[in-house]
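For the sequence shown, full-length UniProt numbering assigns the number 1 to the initial residue and increments by one for each residue that follows. No residue lacks a Cβ here, since even glycine has one placed at the ideal position from N, Cα and C. It should be emphasised that the depicted structure is a prediction, and the values quoted were computed from it without experimental measurement. See structure below.
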Amino acid sequence: MADYDETLVAGDEYFFLSRTLFDMSAAVGIAPPVFQGKQLYKEHGTEAWSIKTFIPGSDDDPEDPSMTYSEVYPDWEKSVEIAIQGAIARIRHKFHCMIPPTSPYYHFGERSEDGTPLRRTGTRDDTMCRTYMAEREFVSASSEKLLKRQTTLVGEAREVLQYANVRNMQMEAALLAVDDKRLALEERIALLEDPVKLEEKLIISDNWAKTVQKTITLMLENRAIETKEKDELKKENDALKMENKLLKETIEELAAGKEEEDPQERLMFNSDGEVEPVAEEKKKKRKTSSESYPLSCFEAVKRR
């Protein structure tokens, strides 16, 4: 039952003919029939239900087969009453031998298991009521058949509408794609119709490429010049450092020689046989060397 949306057991007084079906089932000795409905669809103000009818076999005859069949209807509440009418007619036909002429169910219309209406008239036991009910069953069966046919047509129209909706969506997508291609084609046509503009665009593109190339070349050349100048400045800086170092060493040597000078003068004879102090001679030599050498260093620095 979980696969169905609605279930009805004969005897529910909310629906027409339900109580009549319950009493008739008890009279012929079968359990109350059961109706199960499943909604197939509901959209655009229409719906469809598949109603399954189960009529049990006789309680007194275990070999008596049950009847089970399903039919499509346009709704549940009204259509299940039509299904109840069909079940009553089928039970009347199947158990007609068990229904005496004195029973009120004897006058009910009959249908075969496949739903075809039947009539048992033309005998002396026929009454106006029985004839009326038999003919009424034919009318009900025809109306029910027409209703089912219309429900089937609505379902087919629904499928056609769904297919049309899908096709419309596909066509809209195709139209959008065609429109995009049309816009691209119009742009291309506009360029081809005006070759001057196309040529101008090509010239601008070439000039831009040349400008970019020239800019990159100048950047690389400037970078090479800057690198070369940096190397030359570095070499000059190293030379100045070396000269400063030599000058510093010379000054330190002069300062150290002055501190180590002997205070006692030593005498020596010259070529004329005169006596001269040795310390004064050393002072003259050192003074001469100290005056000439530093001047050459400073002169070299000045020239640079």
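Item to check | Element boundaries [beta strand (DSSP E), containing glutamate 113] | outcome: That residue, glutamate 113, is in no beta strand (DSSP E); it is neither H nor E in DSSP.
Checklist entry - Apart from the five residues on each side of it in sequence, which residues of its chain come closer than 7 Å, Cβ to Cβ, to arginine 93? => result Per the sequence shown, residue 93 should be read as histidine rather than arginine. Non-local C-beta neighbours of histidine 93 in its own chain, meaning closer than 7 Å and more than five positions away in sequence, comprise Glu110, Arg111, Ser112, Leu118, ordered along the chain.
Next on the checklist: According to DSSP, is alanine 31 part of a helix, a strand, or is it coil?
Outcome noted: Looking at alanine 31 - three-state DSSP - the assignment turns out to be coil, as it is neither helix nor strand.
Item to check | For tyrosine 14, the three-state DSSP class (helix, strand or coil) | outcome: In the structure shown, tyrosine 14 sits in coil (DSSP, three-state: anything other than H, G, I, E or B).
Checklist entry - Taking DSSP as the reference, what is the three-state secondary structure of glutamate 71? => result Look at glutamate 71 here: in three-state DSSP terms it is strand.
Item to check | Straight-line Cα distance separating alanine 173 from leucine 202 | outcome: Near 36 Å, if we compare the C-alpha coordinates of alanine 173 and leucine 202.
Checklist entry - Given isoleucine 82, which residues of its chain have a CB within under 7 Å of its CB, disregarding the five upstream and five downstream residues? => result Closer than 7 Å at Cβ, skipping near neighbours: Tyr73, Glu144.
Checklist entry - Who are the Cβ neighbours of lysine 285 in its own chain at under 8 Å, not counting the five residues just before and after it? => result With a pLDDT of 49 at lysine 285, under the threshold of 50, the modelled position of this residue cannot be trusted, and the question is left open.
Checklist entry - When the Cβ atoms of the stretch 95–109 are set against those of the stretch 173–185, are three or more pairs found closer than 8 Å? => result The answer is no - the stretch 173–185 does not touch the stretch 95–109, with fewer than three Cβ pairs under 8 Å.
Item to check | beta strand (DSSP E) segment containing glutamate 47, residue limits | outcome: 46–55 is the extent of the beta strand (DSSP E) around glutamate 47.
Next on the checklist: Is the beta carbon of aspartate 59 closer than 9 Å to that of alanine 27?
Outcome noted: No, the Cβ-Cβ distance between alanine 27 and aspartate 59 is not below 9 Å.
Next on the checklist: As an exercise, report each continuous beta strand (DSSP E) stretch of at least 3 residues that is fully enclosed by the stretch 130–161, in chain order.
Outcome noted: Runs found: none.
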